[in-house]
Amino acid sequence: MTQMTYMEALRDGMRVAMRSDPNVFLAGEDVGAFGGCFGQTKGLYEEFGPKRVVDTPISETAIMGLATGAAAVGLRPIVEIMFVDFMGVCMDELFNNAAKMHYMFGGKITVPLVVRAPCGAGFSAAAQHSQSLDAWFAHIPGIKVVAPATPADAKGLMLAAIRDNNPVIYLEHKGLFGLSGEVPDGDWEVPLGKAEIKRPGRDVTIITWSAMVGKALEAAERLAADGIEAEVLDLRTITPLDVDAILDSVGRTSRAVIVHEEVRTAGFGGEVAAVIADRGFNLLDAPIKRVTAPDTPVPFSPVLEAMFIPQAADITRAVKELF
Amino acid sequence: MARSSLTTPEPDTATAAGRLPAANLPEVYRRLGAAEIRDALRKMRLIRRFEESAEEAYVRGLIHGTMHLSIGQEASAVGVCSALSPTDYMTSTHRGHGHCLGKGADVGRMFAEFFGREDGYCRGRGGSMHIADPSTGNLGANGIVGGGLPIAVGAALAAKRLGNGRIVVCFFGDGANNEGAFHESLNMASVWKLPVVFVCENNKYGMSTSVARSTSVKNIADRAVAYSMPGVTVDGNRFADVADATHAAVERARRGEGPSLIECLTYRIRGHSKSDRNRYRTKEEIESWQKRDPIQLFEAELLEFGLMDTPEMVAIQTSVEEEITAAIEFAKASPAPSPADLTRYVYTTERGSHGHHGA
Ligand SMILES: Cc1ncc(C[n+]2csc(CCOP(=O)(O)OP(=O)(O)O)c2C)c(N)n1
Ligand SMILES: [Mg+2]
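Keeping their order, the protein sequence lines are chains A and B. FYI, the numbering for the first sequence is 399 to 721, going by the working numbering. FYI, the numbering for the second sequence is 5 to 363, going by the working numbering.
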């Protein structure tokens with residue numbers, strides 16, 4: 399175990415994968431000697447050189463397409479889209495090509511690629527540099543979506559994503575980059591599609607992922623002081639969804655609160671709620687609650703942005719409504 | 005439009021403009037009156053002082069997030085805008101403060117936006133990267149690299165259809181010229197002969213990546229050939245060069261002959277944004293461009309041609325300082341948006357055609 403930040407951990411995941419497989423390479427805007435917009439790729443260029451750590455022009459469509467093409471013929475690209483907000487520029491390559499090739503071509507072509515995309519609000523970066531678009535990607539059959547919340551998961555999911563033979567969207571939350579924690583050394587994967595209980599509890603299940611895991615844990619501490627023991631279930635992988643873990647937890651607590659930073663309407667929480675209602679209706683003692691951002695673009699003004707992002711107090715309030 | 009002889013801008017070849025013989029008096033000085041020339045210099049100063057003051061305000065915690073400063077690029081913003089009429093449209097970029105002020109924005113409302121206040125141009129919702137001011141034809145700055153190009157084409161299509169004689173100026177960076185949106189937009193504008201002037205501010209880098217490492221042509225203006233429009237590379241640090249090239253392109257657009265591409269060779273003196281530590285370029289390179297300061301070059305030229313004297317230049321500086329000071333006070337006094345308005349402006353509730361730009 400080594401103490402490291404979320405950013406160091408996701409970089410460690412890339413490094414381990416690149417050392418173990420020469421087919422793995424990284425491409426994106428300013429990922430080379432510059433080290434990435436937030437410093438995520440620092441040191442990789444020095445270790446692996448310009449053939450495996452490739453600076454691209456500002457051309458997202460071609461970046462996503464090159465990942466698809468290179469993956470189709472045997473390499474294992476990791477590409478960085480500097481902010482998840484810019485996925486709009488290259489969505490077609492992702493959802494009409496990368497995601498569909500394996501199915502559309504009858505299983506004859508595989509596309510093992512990872513798209514890293516920083517997401518999240520909290521930096522007064524306004525409407526085009528702050529979004530969480532998790533459900534956008536989850537809605538496309540053929541791609542997987544992971545959203546780690548801790549340094550250990552950042553590393554383990556990175557390795558698993560790189561080694562998976564399908565396109566995987568790796569959502570790295572900007573607000574977590576500096577978060578520190580214990581991370582297993584060496585070659586260590588967190589399997590895709592497996593949720594994890596980050597805090598056990600018997601009274602209510604808070605289902606969440608990414609930066610909201612920290613908020614949920616904070617809320618759980620406050621609730622404990624009031625005699626409510628909340629279980630915090632971190633999905634870690636959004637698709638494929640760990641339905642069993644959700645039903646198992648809700649089966650024990652009989653209450654579910656879903657928390658995400660995405661806006662409310664058609665956010666991934668709606669899918670989680672539907673799964674519980676569909677397959678676990680008889681487990682519930684109370685309605686399913688969602689705590690989400692409101693249906694608005696992310697505001698610049700710090701006053702408004704603070705209200706936009708769900709806070710621990712919003713979670714405790716929602717939980718208490720169930721009792 | 006003749007291609008400028010300047011292809012590689014070597015800073016040390018910068019002649020003090022004044023050594024040019026009077027016969028070489030740039031076209032622009034025959035075209036613009038004394039008041040307009042004075043206004044151009046004043047705007048360049050205002051942009052410079054606005055951004056320097058924004059930097060100070062940022063350090064003092066009045067501004068959150070990040071900022072992309074255009075210090076060193078003022079001649080391109082103001083040179084382009086000097087050829088426009090107030091009703092012409094403009095699309096801007098993440099590095100757009102100069103464009104907004106060049107087009108006539110008020111510094112008080114700019115600061116208020118930077119401070120996230122209700123009197124800001126976007127009521128504090130947009131911040132420094134998203135200033136829009138339809139009252140001066142500013143259709144908004146874009147945080148998506150290349151995002152403004154198709155929008156400019158759309159505004160030009162509307163202007164042509166409405167036959168209102170307006171043209172559209174579209175600013176973008178050297179980095180943006182590698183986005184698909186650039187190519188699609190130039191092609192469409194050319195096929196339909198739309199009244200748009202594409203202005204590439206080539207400051208040598210997109211973030212840390214140099215043009216040489218990212219772009220297949222030596223001069224971005226060369227790309228105009230592929231879209232059958234005139235392309236010209238000018239010294240973007242010289243007001244007169246930018247203004248003359250823009251004037252020609254605007255005239256062509258107004259005659260209905262279609263778009264043009266202007267490449268302004270310039271340099272951003274500051275880092276890409278507040279967090280940039282400039283590791284990808286040398287101190288010498290930055291200093292060599294500081295010696296070609298567009299404001300100093302412009303002043304030297306005005307003195308040389310006897311178009312303005314030093315006391316008048318000093319008076320401009322003084323009045324700019326006063327304007328900046330008052331603007332910051334105005335912005336500080338402006339209220340923050342009300343939390344109750346968090347979801348306001350997501351949708352409009354008005355019905356019918358708006359025509360909000362007086363179209
Ligand atoms: C579609 C998209 N890709 C990437 C970015 C991140 N980004 C913002 S500015 C920038 C560099 C832009 O370079 P250039 O067009 O030359 O403008 P400059 O910053 O030099 O003024 C990059 C990569 C973005 N905002 N949008
Ligand atoms: Mg540039």
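Note that the Cβ used here is the ideal one computed from N, Cα and C, for glycine as well.
Do the stretch 182 to 192 of chain B and the stretch 239 to 247 of chain B make contact, defined as three or more Cβ pairs closer than 8 Å? no
For the putative contact between L757 of chain A and V648 of chain A, defined by C-beta atoms under 8 Å, what is the C-beta separation to the nearest angstrom? Since the displayed chain A opens at 399 and closes at 721, residue 757 of chain A lies outside it and no answer follows.
Does any C-beta atom of chain A lie closer than 7 Å to the C-beta of T314 of chain B? Interface criterion not met: the Cβ of T314 of chain B is under 7 Å from no Cβ in chain A.
For ligand 1, I want to know if I51 of chain B counts as a neighbour, meaning its beta carbon is within less than 6 Å of at least one of the ligand's heavy atoms. no
Leaving aside the five residues before and after A710 of chain A along the sequence, list all residues of the same chain whose C-beta is less than 7 Å from its C-beta, in chain order. So the list reads K613, E616, A617 and R620, once near-sequence residues are dropped.
Show which residues of chain B have a CB atom less than 8 Å away from the CB atom of M705 of chain A. What M705 of chain A touches in chain B: P343 and L346.
Scan the stretch 211 to 240 of chain B for residues whose Cβ lies nearer than 8 Å to a Cβ of chain A and list them as they occur along the chain. M211, S212, T213, R217, S218 and T219
Among residues of its own chain, excluding the 5 on either side of F666 of chain A, which ones have a beta-carbon nearer than 7 Å to its beta-carbon? D532, A533, A536, I636, H658 and E660
I want to see whether chain A comes within less than 7 Å of A249 of chain B, judged by CB atoms only; does it? No, its Cβ sits nowhere closer than 7 Å to a Cβ of chain A.
Cβ pair F698 of chain A, R129 of chain B closer than 7 Å: yes
Based on the DSSP secondary-structure assignment, which residues constitute the bridge partners of P475 of chain A? A:F423
So for L511 of chain A, helix, strand or coil by DSSP? coil
Boundaries of the beta strand (DSSP E) in which R597 of chain A is found, first to last residue: E594 to R597
Using a Cβ-Cβ cut-off of 7 Å, state whether A1 of chain B counts as contacting chain A. This structure cannot settle anything about residue 1 of chain B, because the visible part of chain B is limited to 5 through 363.
Could you tell me which chain B residues have their CB closer than 9 Å to the CB of V487 of chain A, listed as they occur along the chain? I148, V149, G150, G151, E183, G184 and A185
Listed from N- to C-terminal order along the chain, which residues in the stretch 506 to 540 of chain A have their beta-carbon within a distance smaller than 9 Å of any beta-carbon of chain B? F521, S522, A523, A524, A525, Q526 and H527
Using the Cα positions of N421 of chain A and V451 of chain A, report the straight-line distance between them to the nearest angstrom. 12 Å
Proximity to E491 of chain A [Cα-Cα], best of A:P516, A:I538, A:E445 and A:S530: A:I538
Tell me, please, whether the CB atom of P455 of chain A is closer than 7 Å to any CB atom in chain B? Interface annotation, P455 of chain A: in contact with chain B, CB-CB separation under 7 Å.
Would you decide whether K542 of chain A is buried or exposed? Buried here means 16 or more other CB atoms lie within 10 Å of its CB. So K542 of chain A ends up on the buried side.
Closer than 6 Å by C-beta to W586 of chain A: which residues in its own chain qualify, once you throw out the five before and the five after it? Chain order, please. G554
In DSSP terms, what R688 of chain A is bridged to: A:I656
At a cut of 8 Å, does the stretch 184 to 197 of chain B reach the stretch 151 to 168 of chain B through at least three beta carbon pairs? yes
Pull up the distance between the alpha-carbon of G169 of chain B and that of Q294 of chain B, whole angstroms please. 39 Å
Which term fits S218 of chain B, buried or exposed, when burial requires 16 or more other beta carbons within 10 angstroms of its beta carbon? buried
Contacts around T11 of chain B, its chain only, beta-carbon distance under 8 Å, and the 5 residues preceding and following it disregarded: The pLDDT assigned to T11 of chain B is 43, lower than 50, so where the model puts this residue is not dependable; a value taken from the coordinates is nonetheless given after this. Only residues of its own chain outside the window of five on either side were considered, and among them K222, N223 and T237 have a CB closer than 8 Å to the CB of T11 of chain B, listed in chain order.
Determine the burial state of A20 of chain B: buried for a count of at least 16 other Cβ atoms within 10 Å of its Cβ, exposed for fewer. Low confidence applies to A20 of chain B: its pLDDT is 43, below 50, so where it sits in the model is not reliable, and the reading given next is rough at best. Result: exposed.
Against chain B, which members of the stretch 693 to 718 of chain A pass a CB distance test of less than 8 Å? Residues of the stretch 693 to 718 of chain A that bring their beta carbon within less than 8 Å of a beta carbon in chain B comprise D693, T694, P695, P697, F698, S699, P700, V701, L702, M705 and F706, in sequence order.
Just the C-alpha distance for Y351 of chain B and T663 of chain A, rounded to the nearest angstrom, thanks. 15 Å
Does the separation of the CB atoms of A552 of chain A and Y404 of chain A fall below 7 Å? yes
Chain-ordered neighbours of E427 of chain A on chain B, where CB pairs are closer than 8 Å: The answer, in chain order, is G210, M211 and T213.
In this structure, does DSSP put D137 of chain B in helix, strand or coil? strand
What would DSSP say about L720 of chain A, mapped onto helix, strand or coil? DSSP, read as helix, strand or coil, puts L720 of chain A in coil.
Answer yes or no: the CB of F175 of chain B versus the heavy atoms of ligand 1, is any distance below 6 Å? No.
C-alpha gap between V717 of chain A and M610 of chain A, whole angstroms: Note on geometry: alpha-carbon atoms of V717 of chain A and M610 of chain A lie some 15 Å from one another.
Whole angstroms is fine: what's the gap from A622 of chain A's alpha carbon to I604 of chain A's? 13 Å
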